[in-house]
Amino acid sequence: MPAAPPFDPQAISDAKFEERAVRPGVTTKRTICQTCDIACSVVAEVEKGRVVKIRSSDNPIFRDNICMKGIMAPKGLADPTRIMKPLKRVGKRGSGEWEEVSWDEAITDIGERLKTIIEKHGPEAWTVSTSQWNTATDHGLGRRIMNHVGSPNWISGVALCAGNTAAVNRFTYGWFPMGDYANTKCIVLMGHNPRRHSWTPMYNFIRQAQARGAKLIVTDPRRSSSAERADIWLPLKAGSDAAMMLGWLKVILDEELYDKKFVKNWTIGFDDLRKRVDEYPLERVAKLTGCDPEMIAKAARMYATDGPSIIPWTPITDMQRNSTSGIRLQSILRSVCGYIDVPGGERLEGFNPDIINESAIEMHHLLSDEQKAKQLGSDKHPAFTYRGQEVFREPTKRVYGQEYANLIMGCHMATPSATFRAMAGQGPYPVKAFFFLGNNPMMSYANMPLIIEAMMNQDLIVAHEHFMIPSAQLADYVLPGDSWLERPWLMDSFGWMSSVRPSEKAMEPPGECKSTFEFWKLIAGALDKPELVPWDTLEDFYDYRLEKTGMTFDQLVKKTDIYFAPPKFRQYEQKGFATPSGKVELKSSILEELGFDPLPYFREDPPVDPKYPLKLFTGVREDGFFQTGHRHIPEMRKRHPAPLVFVSPGTAEQFQVEEDEWVEVENELGKISIKVAIKDAMPDGLIRIPHGWWKPEMKQGTGHLSGALKYADAQLCRDDEDYLDREQGIPHLKGVPCRINRVKQSEQSDAPASEMEPAE
Amino acid sequence: MSINEKLLRKRERSAALMLWMAKRSSYNKSLLDKACRWAVNRATTLPPEEDFLRDPLIDSDEGFDADELDRYQRGEISKIL
Chain A
38 MPAAPPFDPQ
48 AISDAKFEER
58 AVRPGVTTKR
68 TICQTCDIAC
78 SVVAEVEKGR
88 VVKIRSSDNP
98 IFRDNICMKG
108 IMAPKGLADP
118 TRIMKPLKRV
128 GKRGSGEWEE
138 VSWDEAITDI
148 GERLKTIIEK
158 HGPEAWTVST
168 SQWNTATDHG
178 LGRRIMNHVG
188 SPNWISGVAL
198 CAGNTAAVNR
208 FTYGWFPMGD
218 YANTKCIVLM
228 GHNPRRHSWT
238 PMYNFIRQAQ
248 ARGAKLIVTD
258 PRRSSSAERA
268 DIWLPLKAGS
278 DAAMMLGWLK
288 VILDEELYDK
298 KFVKNWTIGF
308 DDLRKRVDEY
318 PLERVAKLTG
328 CDPEMIAKAA
338 RMYATDGPSI
348 IPWTPITDMQ
358 RNSTSGIRLQ
368 SILRSVCGYI
378 DVPGGERLEG
388 FNPDIINESA
398 IEMHHLLSDE
408 QKAKQLGSDK
418 HPAFTYRGQE
428 VFREPTKRVY
438 GQEYANLIMG
448 CHMATPSATF
458 RAMAGQGPYP
468 VKAFFFLGNN
478 PMMSYANMPL
488 IIEAMMNQDL
498 IVAHEHFMIP
508 SAQLADYVLP
518 GDSWLERPWL
528 MDSFGWMSSV
538 RPSEKAMEPP
548 GECKSTFEFW
558 KLIAGALDKP
568 ELVPWDTLED
578 FYDYRLEKTG
588 MTFDQLVKKT
598 DIYFAPPKFR
608 QYEQKGFATP
618 SGKVELKSSI
628 LEELGFDPLP
638 YFREDPPVDP
648 KYPLKLFTGV
658 REDGFFQTGH
668 RHIPEMRKRH
678 PAPLVFVSPG
688 TAEQFQVEED
698 EWVEVENELG
708 KISIKVAIKD
718 AMPDGLIRIP
728 HGWWKPEMKQ
738 GTGHLSGALK
748 YADAQLCRDD
758 EDYLDREQGI
768 PHLKGVPCRI
778 NRVKQSEQSD
788 APASEMEPAE
Chain B
72 MSINEKLLRK
82 RERSAALMLW
92 MAKRSSYNKS
102 LLDKACRWAV
112 NRATTLPPEE
122 DFLRDPLIDS
132 DEGFDADELD
142 RYQRGEISKI
152 L
């Protein structure tokens with residue numbers, strides 16, 4: 038019999054949960070790591086005014102949420118190549134000739150040139166690319182200024198990563214839900230593979246849930262580490278997520294495993310959905326996905342009967358030519374099985390009523406209908422543009438108290454491919470000014486050759502950055518950005534969840550580095566609109582946002598690591614869902630109105646060109662890097678000295694390539710150099726390449742771009758209509774035709790592939 | 072109210088209690104806060120042999136020396152051990 042737990046009040050009061058011991062002369066700050074996009078609560082140890090160590094939080098709810106990227110941050114951000122002063126281009130664009138200027142000089146010139154462009158071409162000629170995940174202190178101020186000026190052309194990497202998922206989830210039930218990992222009984226990972234050093238909190242949640250007895254279903258062409266731990270692994274063909282879920286629905290509906298009461302009371306379009314699902318018998322789904330029909334049925338039954346289940350957000354379904362249907366099918370599965378807004382299922386949290394949220398700061402209501410109609414890409418691919426989302430104004434106000442909910446920044450974006458075409462002179466009107474912040478646009482969207490052409494066609498390019506990244510090498514100005522160690526932050530989950538977390542400033546920014554908040558404040562002033570950012574400091578801005586809590590930012594920091602309202606479940610019973618019908622729309626009235634199929638479907642791949650017999654899976658991260666970042670950190674490069682293409686033993690034999698051999702991967706758009714790593718976990722016919730490779734030590738400027746022209750996967754990411762999702766216009770990155778070319782061995786790397794970090 | 076609905080409401084109360092404890096645990100000021108932190112800590116701690124988050128790279132990290140970081144940033148040294 039286990040011993041009774043000790044419950045001595047004095048022992049509890051004295052317990053050392055507050056802070057771990059630190060060395061003399063060291064102070065601590067509770068911060069939120071922004072080395073990647075997951076935002077782990079951590080502690081910064083500060084000595085002599087400098088952060089010397091990052092460790093995990095003392096709060097047990099954030100236990101051990103830290104990874105190798107986080108602990109290397111003090112060194113990575115002290116790198117001698119970090120940009121400390123504003124740089125102005127003095128040679129030709131991309132020549133690499135710069136001079137240091139003052140912030141005043143830079144901002145005055147930027148303001149004048151931007152005003153001239155707006156006067157000549159209209160406000161829509163100004164586009165901004167950022168994610169806010171990376172810049173953090175943007176808080177919607179960029180959109181606020183753009184909305185006042187009149188430009189709808191804001192683009193972001195969230196167009197193909199989470200933001201688009203949020204926008205498409207709204208079509209079904211009006212919000213983007215968050216899975217309740219603590220209470221769930223079944224987790225479905227659709228190609229996502231959180232690990233100890235990548236998406237650490239999710240890895241932690243999933244392992245904790247499994248330890249508690251929760252089931253794990255993984256759909257992934259590769260035998261990932263999550264697949265190895267799963268109760269069911271479905272090794273589907275890359276890009277066939279939507280077909281798989283249509284198969285699951287077929288089983289769930291045929292066997293009546295759905296929540297009949299919820300479907301009857303709270304959904305519309307069930308009969309139409311049923312007819313569509315009947316078009317996908319398991320034999321057909323098995324053919325489309327390459328999986329055993331019995332296993333498909335078993336997984337569907339597990340999801341529907343072992344719940345409450347969750348399907349956490351996955352970047353894999355986000356990046357497919359059937360992405361809208363895939364995301365819709367995830368929403369529909371959650372709904373028909375009764376997992377919406379219940380414990381262990383997926384909660385529609387809504388805004389935190391005590392915080393002024395970023396959607397409100399952005400002031401989308403001020404942008405005229407005429408300017409909204411000019412948003413690039415909204416004519417052909419409107420799903421996440423103003424055109425696709427405007428209909429939510431009334432229902433969102435009814436349920437969540439305000440008209441605009443820019444969840445994960447993804448609900449009012451221009452379409453990236455259409456924007457770059459316009460920048461390159463191939464659009465409906467000229468786009469001549471391009472700002473990018475904490476973002477490496479050249480390598481972060483599809484069709485890198487087009488993006489380079491677009492950038493070379495600009496009159497003004499402004500980068501706010503830490504390092505001379507490939508995109509910055511083509512800028513007119515590179516302005517030095519601060520880092521997460523050097524500023525406070527109010528993390529509000531970008532409107533998606535109702536919790537808020539404060540992060541303390543741990544050290545002063547080096548040189549003349551400034552926050553994104555300060556950047557936008559200066560830009561507002563340069564455009565003669567200083568009233569748009571009236572707060573003197575970031576802390577003042579946060580005090581304004583927190584006013585309803587009765588606390589200042591400093592008081593919030595002292596009080597807690599996380600601020601949230603008590604959870605509420607089944608809120609739809611009071612106000613309905615934030616859709617036009619007030620119900621879960623299994624058949625989407627909005628998609629129908631926009632001229633698309635209102636029901637989910639699966640569009641099969643175009644015929645295969647025999648010149649490109651392999652399928653390419655890209656967008657995958659290595660543990661030591663986030664997106665295109667961290668290539669400058671020696672410890673990370675030692676782990677991943679070179680980009681690796683993962684091939685199966687069968688594919689290696691078919692193409693007669695060997696481990697450690699440098700090869701070219703080529704498709705109709707371009708080719709890259711990459712080193713072979715033979716992996717048993719890969720299926721035949723599919724190769725995997727990592728995202729975002731460049732080498733900071735290589736030659737800068739046009740024609741080189743620090744190795745980006747040699748290694749970057751964006752050169753293979755097509756954005757022609759065959760490989761774009763119809764409704765969103767986002768690219769298909771999971772299963773693009775390609776081939777491997779053998780080449781003369783001219784490059785050596787520091788270590789054989791077998792000794793490199795076993796990235797997945 | 073059906074048995075399922077009763078179970079659902081029970082699960083809702085339990086989930087709300089967990090979040091309330093997480094909230095108090097984060098305050099960590101009063102005796103009640105500390106009791107919550109103690110309970111959360113106990114509930115989330117695994118025996119070392121089962122702790123999937125133990126990692127030598129993280130567990131043995133000692134951080135950096137402030138003076139060395141300064142010199143590194145100024146380009147005076149190329150490596151920090």
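Those protein sequence lines, which keep their order, are chains A and B.
Residues in the first sequence are numbered consecutively from 38, following our numbering.
Residues in the second sequence are numbered consecutively from 72, following our numbering.
Note that CB positions come from ideal geometry on N, CA and C, so glycine has one too.
| query | Is the shortest distance between the beta-carbon of B:Glu-120 and the beta-carbons of chain A less than 8 Å? | reply | Not a single CB atom of chain A sits nearer than 8 Å to the CB of B:Glu-120.
| field | Per-residue DSSP class, three states only, for A:Cys-775 | value | In the three-state reduction of the DSSP assignment, A:Cys-775 falls in the strand class, which pools E and B.
| task | Give every residue of the same chain whose Cβ lies closer than 7 Å to the Cβ of A:Arg-181, excluding the five residues on either side of it in the sequence, and list them in chain order. | result | Around A:Arg-181: Ile-398, Glu-399, Met-400, Leu-569.
| task | If I'm right that A:Ile-347 touches A:Met-281 with Cβ under 8 Å, what's the distance once you round it to whole angstroms? | result | Actually they are not in contact, since the Cβ atoms of A:Ile-347 and A:Met-281 sit about 17 Å apart, beyond 8 Å.
| message | Taking the beta strand (DSSP E) that A:Gly-656 belongs to, which residues open and close that run? | response | Element bounds for A:Gly-656: 651 to 657.
| said: Assuming A:Gln-664 and A:Ser-481 are in contact, meaning their beta carbons sit under 8 Å apart, how far apart are those beta carbons, in whole angstroms? | reply: So it is a contact: roughly 7 Å between Cβ atoms.
| Straight-line Cα distance separating A:Lys-551 from A:Asp-175 | In a straight line, the C-alpha of A:Asp-175 is about 12 Å away from that of A:Lys-551.
| What are the partner residues of A:Leu-723, as DSSP defines its beta bridges? | According to DSSP, A:Leu-723 bridges with A:Lys-652.
| Residue range of the alpha helix (DSSP H) that includes A:Ser-94 | Where A:Ser-94 is concerned, there is no enclosing alpha helix (DSSP H), because DSSP gives it neither an H nor an E.
| query | Using a beta-carbon distance cut-off of less than 7 Å, what residues from the region 100 to 131 of chain A approach chain B? | reply | Those would be Arg-100, Asp-101, Ile-103, Met-105, Ile-108, Pro-111, Lys-112, Ala-115, Pro-117, in chain order.
| request: Look at the alpha carbon of A:Pro-42 and the alpha carbon of A:Glu-331, and state the distance between them as a whole number of angstroms. | output: Interpretation of A:Pro-42 is limited by its pLDDT of 37, a score under 50 that renders its predicted location unreliable; the figure taken from the coordinates is listed afterwards. About 46 Å.
| task | Could you name the residues of chain A that B:Ser-97 contacts, counting a contact when the two beta carbons are closer than 8 Å? | result | Neighbours of B:Ser-97 on chain A, chain order: Asn-96, Ile-98, Thr-597, Asp-598, Ile-599.
| Thinking C-beta only, is A:Lys-648 closer than 8 Å to A:Arg-776? | Against a cut-off of 8 Å, the Cβ pair of A:Lys-648 and A:Arg-776 comes out as a contact.
| request: Express the C-alpha separation of B:Leu-90 and A:Leu-385 in angstroms, rounding to a whole number. | output: Each residue's alpha carbon lies about 16 Å from the other.
| If we cut at 8 Å on Cβ distances, does A:Pro-380 have a partner in chain B? | It does: the Cβ of A:Pro-380 has a partner Cβ on chain B nearer than 8 Å.
| message | For the region 78 to 96 of chain A, list every residue whose C-beta sits within 9 Å of some C-beta in chain B, in sequence order. | response | Listed by position along the chain: Glu-82, Val-83, Glu-84, Lys-85, Gly-86, Arg-87, Val-88, Val-89, Lys-90, Ile-91, Arg-92, Ser-93, Asp-95, Asn-96.
| Can you list, in chain order, the residues of the region 141 to 157 of chain A whose Cβ is nearer than 9 Å to any Cβ on chain B? | Contact annotation: in the region 141 to 157 of chain A, no residue has its CB less than 9 Å from a CB in chain B.
| message | Alpha carbons only, please: which of A:Ser-166, A:Leu-294, A:Tyr-437, A:Pro-272 is nearest the one belonging to A:Gly-211? | response | Check the Cα spacing between A:Gly-211 and each of A:Ser-166, A:Leu-294, A:Tyr-437, A:Pro-272: the tightest is with A:Tyr-437.
| task | Return the residue from the list A:Leu-286, A:Gln-71, A:Leu-516, A:Pro-345 that minimises the CA-CA distance to A:Gly-666. | result | Looking at the Cα atoms, A:Gln-71 is the closest of the given residues.
| said: Is there a Cβ of chain A sitting closer than 8 Å to that of B:Leu-88, yes or no? | reply: False, the Cβ-Cβ gap to chain A never drops below 8 Å.
| query | Roughly how many angstroms lie between the CA atoms of A:Pro-546 and B:Asp-132, to the nearest whole one? | reply | Linking A:Pro-546 to B:Asp-132 through their CA atoms gives a straight-line distance of about 24 Å.
| Does A:Ala-76 get closer than 8 Å to chain B when you measure Cβ to Cβ? | False, the Cβ-Cβ gap to chain B never drops below 8 Å.
| said: Which same chain residues end up closer than 8 Å to B:Ile-151 when comparing Cβ atoms and leaving out the 5 residues on each side of it in sequence? | reply: Cβ neighbours of B:Ile-151 beyond the five flanking positions: Phe-135, Asp-136, Glu-139, Leu-140, Tyr-143.
| query | Relative to chain B, which residues along the region 197 to 229 of chain A have a C-beta separation below 9 Å, given in chain order? | reply | Against chain B - using a Cβ distance shorter than 9 Å - the residues of the region 197 to 229 of chain A are Asp-217, Ala-219, Asn-220.
| query | Can you tell me whether DSSP reads A:Pro-507 as helix, strand or coil? | reply | A:Pro-507: coil per DSSP, three-state reduction.
| task | Could you tell me which residues DSSP puts in a beta bridge with A:Leu-325? | result | Paired residue(s): none; A:Leu-325 is not in a bridge.
| task | Starting from A:Pro-517, trace the beta strand (DSSP E) both ways and give me its first and last residue. | result | Its beta strand (DSSP E) spans residues 514 to 517.
| task | Taking all protein chains shown into account, decide if A:Gln-412 is buried (16 or more other Cβ within 10 angstroms of its Cβ) or exposed. | result | The C-beta of A:Gln-412 has 16 or more other C-beta atoms within 10 Å across all chains shown, which makes the residue buried.
| message | If we require 4 or more residues per run, which alpha helix (DSSP H) segments fall completely within the region 281 to 355 of chain A? | response | Here the runs fully enclosed are 297 to 303, 307 to 315, 319 to 326, 330 to 342, 352 to 355.
| query | Nearest to A:Leu-522 by CA position, among A:Glu-292, A:Pro-61, A:Arg-87, is which residue? | reply | Closest by alpha carbon: A:Arg-87.
| Does the beta-carbon of A:Asn-394 have 16 or more other beta-carbons within 10 angstroms, so that it is buried, or is it exposed? | Buried, because 16 or more other Cβ atoms sit within 10 Å of the Cβ of A:Asn-394.
| message | I want to verify the contact list: residues of chain A whose CB lies under 7 Å from the CB of B:Leu-128, in sequence order. | response | Chain A residues near B:Leu-128: Met-105.
| query | So is B:Lys-94 in contact with chain A if we call contact Cβ pairs under 8 Å? | reply | It does; some Cβ of chain A falls within 8 Å.
| message | I want to verify the contact list: residues of chain B whose CB lies under 7 Å from the CB of A:Phe-606, in sequence order. | response | Neighbours of A:Phe-606 in chain B, taken as residues whose beta carbon is under 7 Å from its own, are Glu-83 in chain order.
| said: Under 8 Å, Cβ to Cβ, is there at least one residue of chain A near B:Leu-162? | reply: The structure shown does not extend to residue 162 of chain B, since chain B is modelled only from 72 through 152, so no value can be given for it.
| task | Round the Cβ separation of A:Asn-484 and A:Asp-756 to the nearest angstrom and send it over; I've been treating them as touching at under 8 Å. | result | Cβ atoms of A:Asn-484 and A:Asp-756 come within 8 Å of each other, at about 4 Å.
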